[in-house]
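Structure first, commentary second.
In our numbering, the protein residues as written are 517 to 698.
Spelled out as C-alpha cells, the structure:
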C-alpha cells in the first residue's frame with residue numbers, strides 16, 4: 517500500500533513538472549505561436565470559449581498572428597479579450613480580421629514576464645504542497661505502519677516534493693535567463 521502511494525506521488529510529480537514546462541513554454545519571446553491564445557477566453561452564448569474554437573488562426577510572419585473570426589460579430593469581443601490579456605502582443609483590427617503583433621521586449625515587458633514566471637512557479641509550489649499533505653494524510657490512514665516507518669516515509673515524500681520544486685526552480689531560472697538575454 518505504501519509503495520502504491522509513493523509511486524502514485526511520483527507519477528503526479530512528473531505530471532506537475534510536465535504541466536509547469538508546458539505553462540512556461542507558452543511564454544514565447546522569440547517568435548509568435550498560436551499557443552499564446554490557449555488561455556485567452558471570451559464569454560459567448562453564456563459560456564467561456566477559447567478564441568481558437570470560434571476563429572481561424574494563422575501565422576502571418578514571425579511576429580504576427582492573423583485571427584479571422586468565423587462570425588464577424590465576434591470581432592469586437594475577441595479584440596477586447598486580447599487587449600485585456602496582452603503582455604507580449606498588441607491586437608489590431610483591420611476590417612474583418614484581427615492582427616496580433618508581438619511587441620519587442622522592453623525592460624518593463626521583461627520584468628512583467630519574470631513576475632508571471634514567478635507567479636506560475638508559486639502556484640505550482642502550492643499545488644505540490646497540497647499533494648504532499650494529501651499523500652501524508654493517506655499514509656497516516658494506513659494503520660499497519662510503525663512510527664519509525666511512518667517518519668521515514670514522510671521524509672521520503674518531503675524529499676520527492678523538494679526535488680520537484682528544485683527542478684521547477686531550475687526550469688524557471690532558465691526561462692528567466694532566456695528572457696533577459698534575448
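All C-beta atoms in this analysis are idealised placements derived from N, C-alpha and C, irrespective of residue type, glycine included.
Residue i, enclosing alpha helix (DSSP H) - first and last residue
i, result
"residue 563", "Per DSSP, residue 563 belongs to no alpha helix (DSSP H); it is in the beta strand (DSSP E), 563-566."
"residue 617", "Element bounds for residue 617: not the alpha helix (DSSP H) but the beta strand (DSSP E), 613-618."
Selected residue, minimal CA-CA separation from residue i, among the options
i, options, result
"residue 519", "666, 685 and 690", "666"
"residue 561", "549, 664, 590 and 524", "590"
"residue 638", "536, 527, 523 and 526", "536"
"residue 559", "595, 550, 615 and 549", "595"
"residue 592", "580, 607 and 579", "607"
"residue 522", "663, 652, 678 and 662", "652"
"residue 552", "533, 529, 616 and 610", "616"
Chain-order list of residues whose beta-carbon lies under 8 Å from that of residue i (same chain, five-residue window excluded)
i, result
"residue 554", "542, 566 and 568"
"residue 641", "681 and 684"
"residue 540", "633, 636, 687, 688 and 691"
"residue 547", "578, 579 and 618"
Close Cβ partners of residue i (< 7 Å) along its chain, the five nearest in sequence each way excluded
i, result
"residue 613", "582, 583 and 584"
Residue i - containing beta strand (DSSP E), residue span
i, result
"residue 609", "605-610"
Three-state secondary structure assigned by DSSP to residue i
i, result
"residue 622", "coil"
"residue 529", "helix"
"residue 662", "coil"
My parser needs the beta strand (DSSP E) runs of 3 or more residues fully inside the stretch 537-603; what are they?
557-560, 563-566, 571-577 and 580-585
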